[in-house]
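Take a look at the structure set out below.
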Amino acid sequence: MLIAWALFRYQLFDLVPLAHSIIIENLSESMVVLDVKNRIIELNRSASAILQTPINQAIGQLAEDVVWFWDELDPHKEDIQPIAITKEQGGQQHYEALLTPIKRKNKTTVGLVLTLRDITAQYDLLQKTRQLAISDPLTGIYNRRHFFSLLRQELERSRRQQSPLAVMMFDIDDFKAINDQYGHAAGDQVLIETVQLCQQHLRAYDVMSRYGGDEFAIYLPETDTELATQVAQRLCASIRAHSIQSDHHSFQCTVSIGVAACSCEQQDSADSLMAIADKALYQAKQNGKDQVAAEQTPKIS
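Structure (structure tokens):
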């Protein structure tokens, strides 16, 4: 009787739902509560905003009719595992979704709690970190390690589809002299603009990388020696005709390019193919620079 009197005297029955409501609304995560038939029985404003459904309209609805990523969840899975989901509307937003069963003391499941946590900032940071790991910070193209990884994959694809594959290696002629005469900032400008010029002549699926220093590598799928040589000659001409502007100085530079290609009948590795292109590049240098030298890799008998 004393407990009952206290509940009515101090209006504790009014405080319990009020406290419950405050806790739900102030959770840092978005939350949706479902019954055993996967009907929504409660959600907070944060979840309502993500689901783009007003609270009063969501209550009583089946989760599959309101939760736009419901197909990606498994309400019957006992092992609780978070999944990442992406919302495209209004710009990409990334969330971690966690579906947790609500159980009585006798282990009977009486419902589910779906919690959503916005991980957009963490996702963007991860993507930037991954990009930094595979790209050259100055020019923005792939670095040497990632280039070799992609080239190995492309060689396998080329063998399966029985299609030719060509690679190029080139560097800036007398690059040290450019740095000495105009400064390292001008040298960096040469590297950046050279990459930009090359990209104008390459296809979307051709892959370019900074191989090291002033040296670059490109692979061209579905390309034989003749076609790769034509592309290389266009690159040479474009770079030769381009004027670099840096600190009130205007100057031109040239490149030497080595080309190598393999056919579907060959079993060259990425390393051996690049070694042949490097040998052709050396030949272009020996022949006077600002030109292309090409070598067809020998066929295996």
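In our numbering, the protein residues as written are 132 to 432. All C-beta atoms, glycine included, are put in the ideal place defined by N, C-alpha and C. Keep in mind it's a predicted model, so treat the numbers as computed, not measured.
Item, Value
"Euclidean distance between Cα positions of G191 and L174", "11 Å"
"Span of the alpha helix (DSSP H) around L358", "T356 to A372"
"One or two residues paired with T246 in a DSSP bridge", "M162 and L229"
"Proximity below 8 Å, CB of L351 to CB of A297", "yes"
"Which residues DSSP lists as bridging R341, in chain order", "N274 and F347"
"Local Cβ density within 10 Å of F301, reported as buried at 16 or more and exposed below that", "buried"
"Coarse secondary structure for K416, derived from DSSP in three states", "helix"
"Sequence-distant residues of the same chain with beta carbon closer than 6 Å to Y413, five excluded per side", "none"
"Presumed contact (8 Å Cβ cut-off) between A424 and N418, rounded CB distance", "6 Å"
"Q284 - DSSP class collapsed to helix/strand/coil", "helix"
"Whether F200 touches A228 by CB criterion (8 Å)", "yes"
"DSSP state of K238 mapped onto helix, strand, coil", "coil"
"Residue nearest to R291 in terms of C-alpha spacing, selected from S161, H380, S394 and A415", "S394"
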